[in-house]
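One structure is given below, encoded as structure tokens.
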Amino acid sequence: MTTDPRPDRPVAAPDPADAPDLSCVVPADAGPQALRATAASVVGQTLRHTEAVLVDPGRDSATTRAAAALAERHPGRVRHVTAGRGADLRDTGADHARGTWVTFLGPGERLQKDAARNLLDAAHRTGADLVAGTWTRLPAPGEKLPRGAEQAEPAWQRPLHARTRTVGSLTEAPGLVVHDALVTGFCVRRALLAADARPAVRHEAPPPVGDLLFGVRAALAARTLTLIPNTVTTHRAAPDPAAEAPARIAAATRAAALLARHGHPGLAAARQRALLTDHVLPCAAALLRMDREARTRTAEQVAPLLAPHLTADALAPLTPVARACLRLLADGDADGARDAAYALANPGTVVSPLTEHAGRVHWRPGAETPESGSDPLDVTELGLQYRPFSQLRLLNTVTRATRTQGRLLLVGRIVLPSHALPDRPELSATLVLTCRDQPGRRLTLPVDDIRYAKDALVWRACADLTRLLGARGVGDRVWDPALTVTAGGETLTTPLFAEPETVKPAGALRARPRLGRLTGDTWQPYVTAHHRLAVCLLARRRPARAAEKLLHYATHFRPARALRRRLAAVAARRKRLAGQAVKARVYRTLLLRLPVRKGQVVYEAHMGKQYGDSPRAVHEEAVRRGLPLRPVWSYAERPDGFPADARLVRRWSWPYLWALARAQYWVDNQGFPHALDKPGHTTYLQTWHGSAYKRMGFDEARVRTQNDPQRRRLQRAVDRFDHFLIRAPHDADTLGRAYRLDPAKLLPTGYPRNDRLVAAREERAPRPPLAAALGIPEDRAVVLYAPTFRGGPGQKDAGLPLDVRRFAEEFGSSHVLLVRSHYMERTALPATAPGTVHDVSGHHDVSELLCLADVLVTDYSSIMFDYALLDRPLVHFAPDLDAYNAERGSYFDLRERAGGPVVDTQDELHELLARLDEADPHWREARARFAEEFGAYDTGRAAAAVVDTLFAAHTPRRRPKPCPAGERPAERTGR
Numbered sequence: 003m004t005t006d007p008r009p010d011r012p013v014a015a016p017d018p019a020d021a022p023d024l025s026c027v028v029p030a031d032a033g034p035q036a037l038r039a040t041a042a043s044v045v046g047q048t049l050r051h052t053e054a055v056l057v058d059p060g061r062d063s064a065t066t067r068a069a070a071a072l073a074e075r076h077p078g079r080v081r082h083v084t085a086g087r088g089a090d091l092r093d094t095g096a097d098h099a100r101g102t103w104v105t106f107l108g109p110g111e112r113l114q115k116d117a118a119r120n121l122l123d124a125a126h127r128t129g130a131d132l133v134a135g136t137w138t139r140l141p142a143p144g145e146k147l148p149r150g151a152e153q154a155e156p157a158w159q160r161p162l163h164a165r166t167r168t169v170g171s172l173t174e175a176p177g178l179v180v181h182d183a184l185v186t187g188f189c190v191r192r193a194l195l196a197a198d199a200r201p202a203v204r205h206e207a208p209p210p211v212g213d214l215l216f217g218v219r220a221a222l223a224a225r226t227l228t229l230i231p232n233t234v235t236t237h238r239a240a241p242d243p244a245a246e247a248p249a250r251i252a253a254a255t256r257a258a259a260l261l262a263r264h265g266h267p268g269l270a271a272a273r274q275r276a277l278l279t280d281h282v283l284p285c286a287a288a289l290l291r292m293d294r295e296a297r298t299r300t301a302e303q304v305a306p307l308l309a310p311h312l313t314a315d316a317l318a319p320l321t322p323v324a325r326a327c328l329r330l331l332a333d334g335d336a337d338g339a340r341d342a343a344y345a346l347a348n349p350g351t352v353v354s355p356l357t358e359h360a361g362r363v364h365w366r367p368g369a370e371t372p373e374s375g376s377d378p379l380d381v382t383e384l385g386l387q388y389r390p391f392s393q394l395r396l397l398n399t400v401t402r403a404t405r406t407q408g409r410l411l412l413v414g415r416i417v418l419p420s421h422a423l424p425d426r427p428e429l430s431a432t433l434v435l436t437c438r439d440q441p442g443r444r445l446t447l448p449v450d451d452i453r454y455a456k457d458a459l460v461w462r463a464c465a466d467l468t469r470l471l472g473a474r475g476v477g478d479r480v481w482d483p484a485l486t487v488t489a490g491g492e493t494l495t496t497p498l499f500a501e502p503e504t505v506k507p508a509g510a511l512r513a514r515p516r517l518g519r520l521t522g523d524t525w526q527p528y529v530t531a532h533h534r535l536a537v538c539l540l541a542r543r544r545p546a547r548a549a550e551k552l553l554h555y556a557t558h559f560r561p562a563r564a565l566r567r568r569l570a571a572v573a574a575r576r577k578r579l580a581g582q583a584v585k586a587r588v589y590r591t592l593l594l595r596l597p598v599r600k601g602q603v604v605y606e607a608h609m610g611k612q613y614g615d616s617p618r619a620v621h622e623e624a625v626r627r628g629l630p631l632r633p634v635w636s637y638a639e640r641p642d643g644f645p646a647d648a649r650l651v652r653r654w655s656w657p658y659l660w661a662l663a664r665a666q667y668w669v670d671n672q673g674f675p676h677a678l679d680k681p682g683h684t685t686y687l688q689t690w691h692g693s694a695y696k697r698m699g700f701d702e703a704r705v706r707t708q709n710d711p712q713r714r715r716l717q718r719a720v721d722r723f724d725h726f727l728i729r730a731p732h733d734a735d736t737l738g739r740a741y742r743l744d745p746a747k748l749l750p751t752g753y754p755r756n757d758r759l760v761a762a763r764e765e766r767a768p769r770p771p772l773a774a775a776l777g778i779p780e781d782r783a784v785v786l787y788a789p790t791f792r793g794g795p796g797q798k799d800a801g802l803p804l805d806v807r808r809f810a811e812e813f814g815s816s817h818v819l820l821v822r823s824h825y826m827e828r829t830a831l832p833a834t835a836p837g838t839v840h841d842v843s844g845h846h847d848v849s850e851l852l853c854l855a856d857v858l859v860t861d862y863s864s865i866m867f868d869y870a871l872l873d874r875p876l877v878h879f880a881p882d883l884d885a886y887n888a889e890r891g892s893y894f895d896l897r898e899r900a901g902g903p904v905v906d907t908q909d910e911l912h913e914l915l916a917r918l919d920e921a922d923p924h925w926r927e928a929r930a931r932f933a934e935e936f937g938a939y940d941t942g943r944a945a946a947a948v949v950d951t952l953f954a955a956h957t958p959r960r961r962p963k964p965c966p967a968g969e970r971p972a973e974r975t976g977r
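Mapping to our numbering: the sequence shown position 231 is 233, numbers consecutive.
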């Protein structure tokens, strides 16, 4: 055992040959079990030259004895050191460390198996003074983890450690000091930790303040820092946001001051902002789990420390609800901050009576200030004032829950914003209990009283659960109540928010399940993890408890466990058999042997997500001619909006595979699944979905960096095409070359979807019926905003570069904005004044939207090539154009060849739209050149030409000879 009884004297210099590479300092003050787990993770490192320095505070305890035993069991790998009175355990361990590098492990923390090797490899390779990896922590009670994850990690950590990199300045990796990145999971050169080193890198306070400041000091002292994507530390203790908030606010204040003194004012300000999101908002969320006394005490402790941090710059990036939550907490309003935290957890919920003043909406009455832009309680941008009563999500708080005469008495209060129900119509309400496991089963009970109060609706209901809630007792043990309110012809349903201290007096109520009282005998009201009231059937009396124990034994003894495992294995096997891999194998080995079904055409648009684009135009032209075909359309999720005159099959279903295998024709605009080979009897028409601005196919950087099997899969998928539509020589030079297509496969017919646009330009047709369906007045100009896809494979959620709310505020009186996000992305629009903004992302036919639009605002989406055919104003709003080109690449300079102005900011866009009548004539010539260059073959007869070519065997008409790709077709009319 290597125990140093003289803590004040550092260990003598060891033989360099025996010195470890990495010393792990472990304070021995958290219990013997945690200490053993931490020491075991150090001893088990794949890098053998790693030591654990266990530092105890000099008290005779079980932990001290465990440290001594570990040192005796692992001589040379574990050392036991006793700290002097008042000395910091971590600094004492650093003084006694022998390794060239030192890392610190907190109570119960563990090194990942290869952590030491990964840290030291990066240190030796880069020569950095500090190497930082990622860390994970234990989940907090009730915290939800991503699927498959056992521990939690900060949301900001993965982007920070996305790749290995070495930086010479903190401004190159600001997240290291802006967030609490350096509280664990890093190693630092021991020379920086010497007691006489300048600047001194020491722990000047106990955790958590000392850990936070130490990481910042170490980062400032290091000449270079290396970040690695590997996990270093696991099992960090779960945070207690409420208890730790005062200390973390104080630590953030000192860390910001330290950064400012070292010439990093920007990092200091960012640290202050991160404090609000990383620590204070979680503290507010913790108020939901506290009783009133603890909530008030926490608010009193945090409020005086928080107020100085709520500057306008710190609050600006936050959402309106987050700003209000912080302001209320800084004011010491514990209940108000709790309600705001509930609104953060349940977006869109109104938890406070809103009031309007001078055109602005404020969180509560009396919050109005002359400077509305700087008021944290200004929530105008939420757009709640535009929502009718039936579309509001109102906080419904249970203010009293008790048992009276064997029934459950509930009294509640619903927040009522000032704009809702201004005429005070007559009210009616019911209490609806829904079975959690069987949502179709409901029990509706009358509400005894509901009436208006100041800024609220108050209600009272008395539920005889014993007599009326006729649960079976199996599969329906939990029921969730909600209140349904009807006023002025509008109906609103709201769940019941409750606190344990309010529900506790309700006690328990007798239950009479239909299957007998052996299944349960008590209805117990309780509060769920989402802070909502529910009732659960429990076994409280002896017969029911005995039956419950018997049932538990019957379902958990060894044969039952084996049966469950067998059933789970069968379910997993069935799931695999229904998976795409098995289906593709069956398709290739069996279904491809099926004979052709003459005249069967399988259509697909945008991977089954829409009934539109050129496949729709081809289908409608064939139907118009009455050709003897058997059309089949695939859909991805729901068949709503797909044609009734065709057979509909779900993508990747067995009927879908059967139809593809027997089809005589495939028609789509993007690509049938790559795993499905084309049958030998099938002709595949690829209409494609747009001309190319960005690099595509084998020209794309992402594809060029793929391995050879991935590129071969893409080539095999492209080789299935028999025909590929192009609309200009530009397509042959870009798409044809990028996908390595045989020139003989290129059909220069133009896009069938664009026939409608050519006709609309030449006929000057009135607005399509969609305008009336959307309620667009004739005197409003229609602006269609259609940005391109900016994400990568698998990305779904995306934000819009355009501030829709601001656009509606400035142009809502004269314009209507139609927003169409890319079909591969989801975008949530903010609430705006009724009739000013419409989300048309789900509309099947984009051509109808283009015909409706008076102006198109896009970025570099291929929709710009189509809209130019209409000869209407086209504006490119592309604030990230240069960055996108640098990342993705492009085939031409949009600024030089665009058919309309290219603007970088929303201010420029608004200025341009305000004077569009004056500016547009200057772009007509450029727009005509743009349409000619990229739509030379769009003459308005593409659908007819495609049908004549593809379905020649089914039409009596003579197949026209397509014009060569290098020649221009007949002159358009109207040019």
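Idealized CB from N, CA, C, for every residue including glycine.
Computed from a predicted model, the values in this text were never measured in an experiment.
- C-alpha of L520 to C-alpha of R544: approximately 9 Å in a straight line.
- DSSP places T382 within a helical segment (H, G or I) once states are collapsed to three.
- At a Cβ-Cβ threshold of 9 Å, P419 and L396 count as neighbours.
- Fully contained in the segment 696-733 are the following beta strand (DSSP E) runs of length 3 or more, in chain order: 725-727.
- As a beta-bridge residue in DSSP terms, H840 pairs with L820.
- When the five nearest sequence neighbours on each side are left out, the beta carbons in the same chain lying within less than 8 Å of the beta carbon of R516 are those of G472, A473, R474, G475, in order along the chain.
- According to DSSP, W668 shares a beta bridge with V604, Y686.
- Contact annotation: V44 and G95 have beta-carbon atoms that are not nearer than 9 Å.
- DSSP places T102 outside any beta strand (DSSP E), giving it a letter other than H or E.
- Three or more pairs of CB atoms, one per stretch, sit closer than 8 Å, so the segment 174-189 contacts the segment 219-226.
- The beta carbon of L411 lies closer than 6 Å to those of T404, C464 in the same chain, with the five residues before and after it left out.
- For the 9 Å CB-CB criterion, V669 and P617 form a contact.
- Within the segment 401-479, the complete alpha helix (DSSP H) segments at least 4 residues long are 467-470, listed from N- to C-terminus.
- Proximity of the segment 699-713 to the segment 875-894 meets the contact definition, three or more beta-carbon pairs being nearer than 8 Å.
- Across the set A933, R291, A207, P319, the C-alpha of R291 shows the shortest separation from the C-alpha of A339.
- A residue is called buried once 16 or more other Cβ atoms fall within 10 Å of its Cβ, and N756 is buried on that count.
- Within the same chain, Cβ atoms closer than 8 Å to the Cβ of T957 are found at R627, L629, V949, D950, the five residues on either side in sequence being excluded.
- By DSSP's assignment, T496 forms a beta bridge with L485.
- Cβ contact annotation for S392 (same chain, cutoff 7 Å, sequence separation greater than five): E492, T493, L494, in chain order.
- Among the bridge pairs identified by DSSP, D647 is matched with none.
- The C-beta distance from V620 to V634 rounds to 13 Å, too long to meet the 8 Å contact threshold.
- The Cβ-Cβ distance between N398 and I230 does not fall below 9 Å.
- As the crow flies, the alpha-carbon of R578 is around 37 Å from that of V848.
- With a cut-off of 8 Å on Cβ pairs, the segment 160-171 is not in contact with the segment 108-118, counting fewer than three such pairs.
- Less than 9 Å separates the beta-carbon of A301 from that of L331.
- Contact check for F791 against H824 passes: the beta carbons are separated by less than 9 Å.
- In this chain, I230 is not harboured by any alpha helix (DSSP H); it is covered by the beta strand (DSSP E) spanning 227-238.
- Within the model, the alpha-carbon separation for Y589 versus A661 is close to 11 Å.
- In this structure T530 does not touch L511 by the C-beta definition: roughly 18 Å separates them, more than the 8 Å allowed.
- E206 sits in coil when the DSSP states are folded into three classes, being neither helix nor strand.
- Beyond the five residues adjoining it in sequence on each side, A258 comes within less than 6 Å, by CB distance, of A270, R273, Q274 in the same chain, given in chain order.
- For F879, there is no enclosing alpha helix (DSSP H); the enclosing beta strand (DSSP E) has its first and last residue at 876-879.
- Your pair R192 and G101 checks out as a contact, with CB atoms roughly 6 Å apart and the cut at 8 Å.
- A Cβ-Cβ distance of about 19 Å is found for the pair L896 and L872, leaving them out of contact under the 8 Å criterion.
- Annotated three-state conformation of Q526 is strand, per DSSP.
- By the CB criterion at 9 Å, R453 and L429 fall inside the cutoff.
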